[in-house]
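From first to last, the protein sequence lines stand for chains S and X. Residue 345 in our numbering sits at position 345 of the first sequence; the count goes up by one each step and never skips. Residue 551 in our numbering sits at position 551 of the second sequence; the count goes up by one each step and never skips. Have a look at the structure below before the remarks.
2 protein chains.
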Amino acid sequence: MCIRMAQTLMISLLTDLELLDLDLQNFFFKHLVQTSSCFRGGNGPGSNRVKEEAGASYRFFICTFPALIMAQTSVPNGSVCSRSETNNIVSFRSRAEMLKEDFGSQLVHQADCFLVQSATAIGTKSSKDMHLNGKTSSVPSRDLSEVKAPHEKGKNFQERESLLDQLLEVNHIQTIQHMFVALLILFVISTLIVDYIDEGRLVLDFELLSFAFGKLQWVLTTWLAMFVGTLFVPYYLLSHWTRNYQTARHHQPNNTRPKPLLPAPLGITVLYAVSYLAFQLLGLGMFPLYYVVKFDLPPASRFIVIIEQVRFMMKTHSFVRENIPKCMYIKDSQVVFPSLSQYLYFLFCPTLIYRDAYPRTPKIRWAYVGIKFAQVLGCLFYTYYIFTRLCIPMYKNIHNEPFTIKVLVLNIFHSILPGILIFFLAFFSFLHCWLNMFAEMLRFADRMFYEDWWNCTSFSQYFRKWNVVVHDWLFHYVYRDFLRVFPRRFRVAATLSVFLLSAVIHEYILTVCFGFFYPVLFFLFICFGMVLKFLLDGENKGPVYNIMLWAKLFLGQGVLLSLYSQEWYARIHCPPAQGVLWDTVVPRSWSCYQWG
Amino acid sequence: MCIRMAQTLMISLLTDLELLDLDLQNFFFKHLVQTSSCFRGGNGPGSNRVKEEAGASYRFFICTFPALIMAQTSVPNGSVCSRSETNNIVSFRSRAEMLKEDFGSQLVHQADCFLVQSATAIGTKSSKDMHLNGKTSSVPSRDLSEVKAPHEKGKNFQERESLLDQLLEVNHIQTIQHMFVALLILFVISTLIVDYIDEGRLVLDFELLSFAFGKLQWVLTTWLAMFVGTLFVPYYLLSHWTRNYQTARHHQPNNTRPKPLLPAPLGITVLYAVSYLAFQLLGLGMFPLYYVVKFDLPPASRFIVIIEQVRFMMKTHSFVRENIPKCMYIKDSQVVFPSLSQYLYFLFCPTLIYRDAYPRTPKIRWAYVGIKFAQVLGCLFYTYYIFTRLCIPMYKNIHNEPFTIKVLVLNIFHSILPGILIFFLAFFSFLHCWLNMFAEMLRFADRMFYEDWWNCTSFSQYFRKWNVVVHDWLFHYVYRDFLRVFPRRFRVAATLSVFLLSAVIHEYILTVCFGFFYPVLFFLFICFGMVLKFLLDGENKGPVYNIMLWAKLFLGQGVLLSLYSQEWYARIHCPPAQGVLWDTVVPRSWSCYQWG
């Protein structure tokens, strides 16, 4: 289909402009019909292969194009051609005029070879050298060096739109969004009617939301404290260390003399490292946790604090980790220590990898910001309606009925719909809308916060594509730094450590939010993620693997929502077990329900 | 995005083949970056407009391209270039070689104008002359004459793929299909587990299916009788009438003499018309109905008989209606009376508009047929699981509980999910898979059984696009024939008659299938369809209208499924009212439930 569109693009331009005489038009039409028929499958012995390759080419185009374009747009040092320049149609026209002579004369030489050999290429090109996820392709190696770059020399920030923003320009995809909005409208209407019947008036107090986001003043205070700490402590620790380290290094005795046991720079470094770790563990680690428990914040408020805590810890680590190598040689190479405003920008911009500068967009589209904010709000209310209409009625009275395996199975199955809806909403509201909103306000141009995880055929792909922001951090600071310390044959251990860290942090967030320990997500992480990754991972490219991934995602969401909800209500309705620690660790839903 | 892909297509071909020298490659890359940036939005005052127009162009390409290609592929008399020819890469290469000289020399003349003016066109082209649904566009008028043709000179059959077959080549759309399959798998697994717990063994007897499709032998007998009748009666009536009419006409006195009151051809015509109507009303109309009631067929079996009855009646009408004008002048113009095999082909091919010949595909792709058949079966089992797992548990015991408005509202709301799933499955299994399967087996090339109804912004669009097969019949034989008889100012009446006929037939099918009369669908047809069509119809193009359409579709499916299910169970559990007719006409669910 895409190949047709490509042809349509050319032909419509040609015909619209009525530039060509009839013969050339006819030639073009014939050529198009032939090529498009090639891709539509048919009766030749190679027709299926041609069709497959057309599909592969299509996927290949989809995947490689942004990378290709970006490799060209971004100059090596990370800055990018300003949009104002490239966007200007007048400048495009004048450039075209300047170049057309050159183009015209060269094209004559190339056109004949191109036409014939393109047909040959379509017929003979093996789909094997087109990688599905588009990281590599048969483009000239000079472009590949930049496309491939991230894994070799750190994340390469490039100006690029989010995939959903691109996809939502296609009306078929837009319609899917409209269907979700329509469903929200029906949720609202039916809730209003039911509430009106129940209460005799319109109920618009959103009890659940005001409960979940309660005690917001403590959230703000904690956040402000975390923010101020994160802004000043690591920055001044690093800058003082740099100064002291450099001074000590340059006052060191000559290399000819034997070194002391603890050289001056190392002594200073240890001192600062201890202070830094104390800040990370106590200041950022313990303080918000203590605050959250002390003021007994409700779940959503806890979630905000804990997610911000994790974010600040990761940002701090990245800032320190990226700057230490630079700072060690700051006087040698005239590298400037990052300014506080650069660090402040990093604290807000939607990435966890520190750079002194990022590709920027020329201006803020405030309408875009407004739409994204409205969408975040919409998702919040959507989640509210899903909880009040689909989840709470299902779990509220589950402890009163005899509990059997059948009830559990049905419960998990009926949790799939609300579970997957919440999953979609979380993805869309946070990874798409929220991050894009901040990126737009900060003119942050690299919007690849996620890739097309929905097309994945394996969990390892899915983990890479679902949350690129966090994955980049884990990849660069856990996986690669692990392999810097240990030999490269410990790659499996490195992968395992990434998985484990990710699972532990996810479980930590949930445990604090809900106020109980029930490692369902951890179990699923280990089960689906790690075990399946090592057992079943390989070149699983077929649609069957995508179907299986979705079945597992559906089931996973159902299990998560069902088990955590059961435990939540068990903690409300059932008496605690003896011993505080025992009660926190052993799921109360196991002992509480009357097994029938 | 699509424009990028278009560019990628070219550039990847060029770079892959490594045909171009570095300067030209650079020129191409720069050109691409510029153009793609134009479309990515930016800071110029016209950037939003440019973006809008890029979107419009994209939609325009999507919509017009198949039509354009087809207008070129199909020769006016309806036959089509064979796929085998166009599909052959070798022939493409040799043609390219023949044409490359011509192409090369002409391209030099055009390339300069093209490059510069394409930029101008992108900047200045108003999106107003691009119609969203692609019926018309600014392509040269010589193509338009054929694209526009259907409404002017009867349906124009063209070789074209179904839209879903095209869309499902895009991996993002494919993933949606995979999600549905994943859900089906979970349905199956959870049902197996629950059945195993309940019964202690795997239950695979599909009781509901064997009930609904019971007494299949009577279905087959009735269908065979209908088929034989439809095949021979109208054909021989028409051929005899033609012979008699022609004979009578050529033995008529000269035009100079005064005409008799009932001229011989008219007398013959009336005789044959009465026989034809008797066949339509009694043979096709009453006989299957009598059979269905006499043998008390279960719902799905009834549905097959009744849907086939309606189909045969429509086919017969089309065959007679299309052939009468031709047959009246058969001796004058040497038009050949259609052969029985042409008529037989028409009875099976997926269209309701008779033609002596249709565009045909060169061969049958049996793998495609197999996949479509498997998908039909899959949809059948999907529907089974939706009924047994989501619908029956919800409605089975509804008569035991006090019935309130709240129960009704919640019931309708909870019916939305199964309702819309069944709606999707019905569309996909029948309008896409079933019709494509028959089309493929009969090498019927025009696969436009539906258009992109999901993108519609009004119900009148939706009615046109949802079922193109039936819509074409209604448009040509009800709407246009109505306007042939009555003056053109009765257009509203013509539209009304189409709606009414459609609503009545839909309600007739449901009434016979369920065995009771409860005109919910009729009411919705009138309500949503007709009233909204006349009150709200206009140039509603915004996304809000698409959202509203979906909200209405969701709600409509919920209402349909909920009310028909309630009535179904009320007829099982509650005693009939006095009087057979009264009981058939008044919904028993109204009187049966205990209103609380």
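For every residue, glycine included, the Cβ atom is placed at its ideal position computed from N, Cα and C.
Handout entry: Local conformation of arginine 160 of chain X per DSSP, three classes
Key = In the second sequence, residue 160 of chain X corresponds to position 160, counting from 1. Correct three-state label for arginine 160 of chain X: strand.
Practice task
Could you work out which residues of chain X lie near proline 543 of chain S, taking near to mean beta carbons separated by less than 8 Å?
Solution key: The residue you call residue 543 of chain S lines up with position 543 of the first sequence. Simply Gln174 and His178.
Practice task
Find the residues of chain S that neighbour serine 190 of chain X, judging by a C-beta separation of less than 7 Å, and give them in chain order.
Solution key: Counting from 1 along the second sequence, the entry for residue 190 of chain X is found at position 190. Those within 7 Å of serine 190 of chain X in chain S are Val409 and Phe413.
Problem - C-alpha distance - glutamate 507 of chain X paired with glutamine 246 of chain X, whole-angstrom precision - result: Numbered from 1 along the second sequence, position 507 holds the residue referred to as residue 507 of chain X. Numbered from 1 along the second sequence, position 246 holds the residue referred to as residue 246 of chain X. Looking at the backbone, the Cα of glutamate 507 of chain X and that of glutamine 246 of chain X are separated by about 41 Å.
Handout entry: Residues of its chain near proline 338 of chain X, where Cβ-Cβ distance is below 6 Å and the 5 sequence neighbours each way are ignored
Key = In the second sequence, the residue the question calls residue 338 of chain X occupies position 338. Asp356, listed in sequence order.
Problem - Three-state secondary structure assigned by DSSP to phenylalanine 525 of chain S - result: Start at 1 with the first residue of the first sequence, and residue 525 of chain S comes out as number 525. Note: phenylalanine 525 of chain S maps to helix in three-state DSSP.
Handout entry: Bridge partner(s) assigned by DSSP for aspartate 446 of chain X
Key = Walking along the second sequence from the start, residue 446 of chain X turns up at place 446. Aspartate 446 of chain X pairs with X/Arg160.
Exercise for the section: Would you please verify whether the beta carbon of asparagine 423 of chain S is less than 7 Å from any beta carbon of chain X? Expected result: Reading the first sequence from its first residue, position 423 is the one you call residue 423 of chain S. First, the amino acid is wrong: residue 423 of chain S is phenylalanine here, not asparagine. Chain X, which has no Cβ nearer than 7 Å to the Cβ of phenylalanine 423 of chain S, makes this no.
Problem - Straight-line gap, phenylalanine 319 of chain S to leucine 164 of chain S (C-alpha atoms, nearest Å) - result: Numbered from its first residue, the first sequence carries residue 319 of chain S at position 319. Numbered from its first residue, the first sequence carries residue 164 of chain S at position 164. Rounded to whole angstroms, phenylalanine 319 of chain S to leucine 164 of chain S spans 29 Å at the Cα level.
Problem - Runs of beta strand (DSSP E) lying entirely within the stretch 363-389 of chain X, each at least 3 residues, in chain order - result: DSSP runs (the beta strand (DSSP E)) wholly in the stretch 363-389 of chain X: none.
Practice task
Evaluate asparagine 411 of chain S with the Cβ neighbour count: other Cβ atoms within 10 Å of its Cβ, from every protein chain shown; 16 or more gives buried, anything less gives exposed.
Solution key: Residue 411 of chain S sits at position 411 when you count from the first residue of the first sequence. Its Cβ being crowded by 16 or more others within 10 Å, asparagine 411 of chain S is buried.
Exercise for the section: Anything in the stretch 414-448 of chain X with a Cβ closer than 8 Å to a Cβ of chain S? List those residues in chain order, please. Expected result: Listed by position, the residues of the stretch 414-448 of chain X near chain S (Cβ gap below 8 Å) are Ile416 and Leu417.
Exercise for the section: For valine 292 of chain S, decide whether its Cβ has a neighbour in chain X, counting only Cβ atoms nearer than 7 Å. Expected result: Locating residue 292 of chain S in the first sequence gives position 292, where the first residue counts as 1. Answer no: the Cβ-Cβ gap between valine 292 of chain S and chain X never drops below 7 Å.
Exercise for the section: Please compile the residues from chain X whose C-beta is within a distance smaller than 7 Å of the C-beta of alanine 551 of chain S. Expected result: Taking the first sequence and counting its residues from 1, one reaches residue 551 of chain S at position 551. Residues of chain X passing the Cβ test: Ala182, Ile185 and Leu186.
Exercise for the section: For arginine 360 of chain S, write down the residues that DSSP places opposite it in a beta bridge. Expected result: Locating residue 360 of chain S in the first sequence gives position 360, where the first residue counts as 1. Per DSSP, the beta bridge partners of arginine 360 of chain S are S/Phe444.
Exercise for the section: Could you tell me whether any Cβ in chain S is nearer than 7 Å to the Cβ of cysteine 397 of chain X? Expected result: Numbered from 1 along the second sequence, position 397 holds the residue referred to as residue 397 of chain X. Residue 397 of chain X is actually asparagine in this sequence, not cysteine. For asparagine 397 of chain X, the nearest beta carbon of chain S is not closer than 7 Å to its own beta carbon.
Exercise for the section: Name, please, each residue of chain C whose Cβ falls closer than 9 Å to the Cβ of lysine 406 of chain X. Expected result: Judged by its chain identifiers, the structure shown contains no chain C, and its protein chains are S and X.
Practice task
Quick one: which residues of the stretch 448-464 of chain S get their C-beta closer than 8 Å to a C-beta of chain X? List them in chain order.
Solution key: So the close ones are Asp452, Trp454 and Asn455.
Handout entry: Min CB distance isoleucine 386 of chain S to chain X below 7 Å
Key = Here residue 386 of chain S corresponds to residue number 386 of the first sequence, with the count starting at 1. With 7 Å as the cut-off, isoleucine 386 of chain S does not count as an interface residue toward chain X.
Exercise for the section: Would you mind stating whether lysine 406 of chain X and valine 194 of chain S have Cβ atoms separated by less than 7 Å? Expected result: Locating residue 406 of chain X in the second sequence gives position 406, counting from the first residue. Locating residue 194 of chain S in the first sequence gives position 194, counting from the first residue. Yes, Cβ-Cβ distance for lysine 406 of chain X and valine 194 of chain S is below 7 Å.
Problem - At least three beta-carbon pairs within less than 8 Å, the stretch 204-215 of chain X to the stretch 376-391 of chain X - result: At 8 Å Cβ cutoff, the stretches touch.
Practice task
Determine whether the Cβ of phenylalanine 211 of chain X lies closer than 7 Å to any Cβ atom of chain S.
Solution key: Here residue 211 of chain X refers to the residue found at position 211 when the second sequence is read from its first residue. Judged by the 7 Å Cβ criterion, phenylalanine 211 of chain X is not in contact with chain S.
Practice task
Determine the direct distance from the alpha carbon of serine 458 of chain X to that of tyrosine 545 of chain X, and round the result to whole angstroms.
Solution key: For the purposes of this step, residue 545 of chain X is identified with residue 545 of the second sequence, where counting begins at 1. For the purposes of this step, residue 458 of chain X is identified with residue 458 of the second sequence, where counting begins at 1. Looking at the two C-alpha atoms, the distance is approximately 7 Å.
Problem - alanine 493 of chain X: first and last residue of the uninterrupted alpha helix (DSSP H) it sits in - result: The residue labelled residue 493 of chain X in the question sits at position 493 within the second sequence. Here the alpha helix (DSSP H) through alanine 493 of chain X covers 491-514.
Handout entry: Coarse secondary structure for cysteine 592 of chain S, derived from DSSP in three states
Key = Position 592 of the first sequence, counting from 1, holds the residue named residue 592 of chain S. Three-state DSSP puts cysteine 592 of chain S in a helix.
Handout entry: 7 Å Cβ shell around tyrosine 569 of chain S - same chain, five flanking residues per side excluded
Key = Taking the first sequence and counting its residues from 1, one reaches residue 569 of chain S at position 569. These residues qualify, in order along the chain: Tyr395, Lys396, Ile398 and His399.
Problem - Whole-angstrom distance between leucine 377 of chain X and glutamine 174 of chain S, CA atom to CA atom - result: If you number the first sequence from 1, residue 174 of chain S lands on position 174. If you number the second sequence from 1, residue 377 of chain X lands on position 377. For the pair glutamine 174 of chain S and leucine 377 of chain X, the Cα-to-Cα distance works out to about 30 Å.
Practice task
Answer with yes or no whether the minimum CB distance from asparagine 171 of chain X to chain S is below 7 Å.
Solution key: Position 171 of the second sequence, counted from the first residue, corresponds to residue 171 of chain X. A Cβ of chain S is located within less than 7 Å of the beta carbon of asparagine 171 of chain X.
Handout entry: Under 8 Å by beta carbon: chain S residues contacting asparagine 323 of chain X
Key = If you number the second sequence from 1, residue 323 of chain X lands on position 323. What asparagine 323 of chain X touches in chain S: nothing, since even the nearest Cβ is about 33 Å away.
Handout entry: For phenylalanine 403 of chain X, the three-state DSSP class (helix, strand or coil)
Key = Sequence index remark: in the second sequence, residue 403 of chain X carries index 403 (1-based). Strand.
Handout entry: Residue closest to arginine 571 of chain S, alpha-carbon to alpha-carbon, out of S/Gly558, S/Pro587 and S/Ala445
Key = Translated into positions along the first sequence, residue 571 of chain S becomes position 571. Of all alpha-carbon atoms in S/Gly558, S/Pro587 and S/Ala445, the one lying nearest the alpha-carbon of arginine 571 of chain S is that of S/Pro587.
Exercise for the section: Use the C-beta contact count for alanine 367 of chain S: other C-beta atoms within 10 angstroms, 16 or more gives buried, fewer gives exposed. Expected result: Looking up residue 367 of chain S in the first sequence gives position 367. Exposed, since its Cβ has fewer than 16 Cβ neighbours within 10 Å.
Exercise for the section: Could you run through the stretch 476-510 of chain S and flag, in chain order, every residue whose CB is less than 7 Å away from some CB of chain X? Expected result: Taking 7 Å as the Cβ-Cβ cut-off against chain X, none of the residues of the stretch 476-510 of chain S qualify.
Exercise for the section: Return helix, strand or coil for valine 233 of chain S, following the three-state DSSP convention. Expected result: Locating residue 233 of chain S in the first sequence gives position 233, where the first residue counts as 1. In this structure, DSSP gives valine 233 of chain S a helical state, which the three-state scheme calls helix.
Practice task
Determine the contact status of lysine 372 of chain S and asparagine 436 of chain S, defining contact as a CB-CB distance below 7 Å.
Solution key: Your numbering for residue 372 of chain S matches position 372 in the first sequence. Your numbering for residue 436 of chain S matches position 436 in the first sequence. Inclusion of lysine 372 of chain S and asparagine 436 of chain S in the CB contact set at 7 Å is warranted, their separation being smaller than that value.
Handout entry: Cβ-based burial, alanine 71 of chain X [other Cβ within 10 Å; buried from 16]
Key = Here the question's residue 71 of chain X lines up with position 71 in the second sequence. Here alanine 71 of chain X scores only 36 on pLDDT, less than 50, and its place in the model should not be relied on; the value that follows carries that caveat. A residue is called buried once 16 or more other Cβ atoms fall within 10 Å of its Cβ, and alanine 71 of chain X is buried on that count.
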